[in-house]
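Each remark here refers to the structure printed beneath this line.
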Amino acid sequence: PVQEFNRDMSVAVIQEFIALRREEAQQEKQADGGSQLKVTVLEALAASGLRSIRYALEIEGIERIVANDYSVQAVESIERNVEHNKVAHLVTPSRAEAALLMHSHKADRFDVIDLDPYGSPAMFLDAAVQAVKEKGLLLVTCTDMAILCGNSSETCRAKYGAVSLKSKCCHEMALRIVLQSIESHANRYGRYTVPLLALSVDFYVRVFVRVYTGAAVVKRSTSKLGMVYQCSGCESFTLQPLGRCTEKGTGFKCSPAQGPPVGPSCSHCGHKHHVGGPIWINPLHDVGFVRRLIDRVSANPELYGTSKRMLGILHLLTEELQVPLYFLLDRLASTVHVSTPSMLQFRSALLHQGYRVSFSHACKNSVKTDAPMDVIWDIIRTWKLQHPSNKALEPGSPAEGIMRTQPKATVNFAMHPEANPSSREQQLLRYQVNPERYWGPKARAKTSLWSNKEAEKRQRHQGKRKLRALSDADPKRPAQETCQQGAHTTPEPTENE
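Residue numbering for the sequence shown follows the UniProt record's numbering, starting at 1 and increasing by one per position.
Below, the structure is given as structure tokens:
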């Protein structure tokens, strides 16, 4: 059940992707016609094969699905499930190492590749961007959120090529780190990516990107990526693109970016900056594609078990500003030790000053805006002055540094007609509460990569060398007793071993 939303959204995205490819084929006037388009799918880490079977049963236009796993038990499970669901004509079970399988299909590429590992997909990305067809679809899940959200930034750099930061907007930053990593892998082979949809939900991130080939467009990738300067005190952030592209005649010119955009200390509170990234700073979603998904799910909600949640999040994405990262309203208020204004009051204050504002799908109490940090802190300062407290501000604290400056603009907290977004007014299911305790990834499946006999032999011999070394090192150590039940028997080594 915890992955039902993931699979429902994947089914809808692939269905709409196939419809889009047929339209593109008709526009390109291909000889075979768009209606004859047949799609091949690879689920590189299929486990039980449930996702592949759903694709086979629910998506029209698929010619072949390869359900691959390296575990013997997993492949046996796939074979049973394929036979039970009568989809053997579409689903081909495969036992191979995922990266090697994708490398072997560089000439015979897949239209759709789905990577849904337990943990990080980093080791499979290089092969995946080479094995997907031109204009193909790559679906990638990451469940190693602790690493992507700043708990081990050095590990994040090793896996994804970017330094993660501990931040209240870490879930969106995780999305942008993953997109940056996929783009980086694609660029090495003269390819680039265009995100259709990028989601941070539950305990994972899930991205849907199309892969294209074009050396000229690859050169622009530096302008799609940027570093993040984040204040260690007030958590204000500033972006620094890695490069810039300007139009020149009929083409464009790429040049290095100018910087740094900030000094060593934060101009708002005086604390030091931390540097993270690079991250993807281009849009996360194709809004046109998201609207097509809304139409598809709305037309047949009974086909998707989580259709209410799907529609709520998709509507939220159409409202989401395409600006990187977000703030948490309660965090802004707590920085200066003041009660939190209502979300509508804060949004109204931004709208009255002519700036745009939205929620982020990644967090309920989020604020995405194109307003500069000076304006945001002016609003918080004004709210603090209107709601004073007796608590003294500690010298040198972020609160003391921020409140040292007086507001420069007049702030209006009166209700703005556009402050309440449509998805909120309609009470759509935007931020689902976990339906039960411990909602999240379960323990890693303890399947074996070998046959049953080999697995049993390895289990019997587990720790044998360690016990022998301890016995040799300590002559007084008593001989190990042999269990008569056989469960913990440690046999003597044979000549062949």
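Glycine included, each C-beta is placed from N, C-alpha and C at the ideal position. Just so it is clear, the structure is predicted and the values come from calculations on it, not from any experiment.
With respect to Gly226, Gly161 sits apart: the two C-beta atoms are not nearer than 8 Å. Minimum Cα-Cα distance from Cys169 among the listed residues Glu400, Val323, Ser339 and Asp286 corresponds to Val323. Nearest in C-alpha terms to Ala333, of all of Ser389, Ala46 and Asn282, is Ser389.
In the structure shown, Ala409 adopts coil according to DSSP, grouped into three states. Annotation for Leu385: Pro407 place their beta carbon closer than 8 Å to its own, counting only its chain and skipping 5 residues before and after. Within a 10 Å sphere around the beta-carbon of His361 sit 16 or more other beta-carbons, which makes this residue buried. Inclusion of Tyr192 and Val217 in the CB contact set at 8 Å is warranted, their separation being smaller than that value.
Comparing alpha-carbon positions, the option among Glu4, Gln3 and Ala19 lying closest to Leu293 turns out to be Ala19. The residues Leu332, Ala333, Thr335, Val336, Val338 and Ile402, in chain order, have a CB closer than 8 Å to that of Ile380 in the same chain once the five nearest residues on each side in sequence are set aside.
Contact between Cys254 and Cys245 holds, with the beta-carbon distance rounding to 5 Å and staying under 8 Å. If you draw a straight line from the Cα of Phe208 to the Cα of Leu197, it is about 5 Å long.
Within the same chain, Cys169, Glu172, Met173 and Phe237 come within 7 Å of Leu325 by CB-CB distance, once the 5 residues on both sides are set aside.
DSSP places Val433 outside any alpha helix (DSSP H), giving it a letter other than H or E. Annotation: the continuous beta strand (DSSP E) that includes Pro195 extends over Arg191 to Val201. In the DSSP assignment, the residues bridged to Leu239 are Val228.
Nearest to Val262 by C-alpha distance, out of Ile279, Gln240 and Ala299, is Gln240. For Arg21, the uninterrupted alpha helix (DSSP H) segment begins and ends at Glu4 to Gln27. In the three-state scheme derived from DSSP, where H, G and I count as helix and E and B as strand, Glu43 is classed as strand. Beta-bridge analysis with DSSP links Val323 to no other residue.
No Cβ-Cβ contact shorter than 8 Å links Pro341 with His285.
By the C-beta density criterion, Asp144 is buried, having at least 16 other C-beta atoms within 10 angstroms. Three or more beta-carbon pairs separated by less than 8 Å are not found between the region 362 to 380 and the region 305 to 316, which leaves the two stretches without contact. Apart from the 5 residues on each side of it in sequence, His387 sits with its Cβ closer than 8 Å to the Cβ of Val338 and Ser339 in its chain, given in chain order.
In the structure shown, Cys156 falls within a helical segment according to DSSP collapsed to helix, strand and coil. Bridge partners of Pro256 according to DSSP: Gly243.
Contact annotation: the region 82 to 89 touches the region 56 to 72, with at least three C-beta pairs closer than 8 Å. The residue among Cys142, Leu165 and Val140 with its C-alpha nearest the C-alpha of Ser152 is Leu165.
Ser71 and Tyr212 have their alpha carbons spaced roughly 32 Å apart. Residue pairing by DSSP places Asp69 opposite Arg95 in a beta bridge. Taking all protein chains shown into account, Gly251 has fewer than 16 neighbouring C-beta atoms within 10 Å of its C-beta and is therefore exposed.
In the DSSP assignment, Cys234 falls outside any alpha helix (DSSP H) and carries neither an H nor an E. By a beta-carbon distance limit of 8 Å, Leu138 does not contact Ile177. Their separation comes to about 16 Å. Annotated as proximal: Ser167 and Gly150, with beta-carbon spacing under 8 Å.
Nearest in C-alpha terms to Gly61, of all of Leu42, Gly49, Val82 and Lys38, is Lys38. In the DSSP secondary-structure assignment, Ser120 is not bridged to any residue. DSSP, reduced to helix, strand and coil, places Val297 within a helical segment of the structure shown.
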